[in-house]
Amino acid sequence: MEMTKLAISEARKELNTLPKRLEKEHDAIEVTQNGKSVMAIMDWDFFETVMESLEILSDDKLLAQVKLGVKEIEAGKGIAWEKAKKELRH
Numbered sequence: 000m001e002m003t004k005l006a007i008s009e010a011r012k013e014l015n016t017l018p019k020r021l022e023k024e025h026d027a028i029e030v031t032q033n034g035k036s037v038m039a040i041m042d043w044d045f046f047e048t049v050m051e052s053l054e055i056l057s058d059d060k061l062l063a064q065v066k067l068g069v070k071e072i073e074a075g076k077g078i079a080w081e082k083a084k085k086e087l088r089h
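Under numbering that gives the first Met the number 0, the residue at position 21 of the sequence shown is numbered 20, and the numbers go up by one with no gaps.
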């Protein structure tokens, strides 16, 4: 993923406009200071997604369950979404 880069001075000037920009782009902005990357700015939904992904990846048991689920789907053992919705409603 190619991130937009902004110098910290530029990020400071644009801070009020960044939320709308990030809401549209669903990405992160790399902030640099003296040419060195020092932080990232991202919209809240993207941040929560990243944090949730890190939580899953750091939980060996949960990660094993996800991998097993993917293998089962690849082997044709999945349930069609429409059928699953009907089963969940009952």
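A virtual CB, placed ideally from N, CA and C, is assigned to each residue, including glycine.
Since this is a predicted model, take the numbers as computed values, not measurements.
Other residues of its chain near I7: CB distance less than 6 Å, five sequence neighbours each side excluded: Hits under 6 Å: V30 and Q32.
A27 vs M41 beta-carbon contact at 7 Å: yes
Whole-angstrom C-beta distance between E86 and G77, which should lie under 8 Å: Beta-carbon to beta-carbon, G77 and E86 are separated by about 13 Å, too far to satisfy the 8 Å threshold.
H25 beta carbon less than 7 Å from that of F46: At a Cβ-Cβ threshold of 7 Å, F46 and H25 do not count as neighbours.
DSSP three-state assignment for E29, whether helix, strand or coil: Reduced to three states, the DSSP call for E29 is strand.
Span of the beta strand (DSSP E), counted from its first residue to its last, around A6: A6 -> beta strand (DSSP E) spans T3 to A6.
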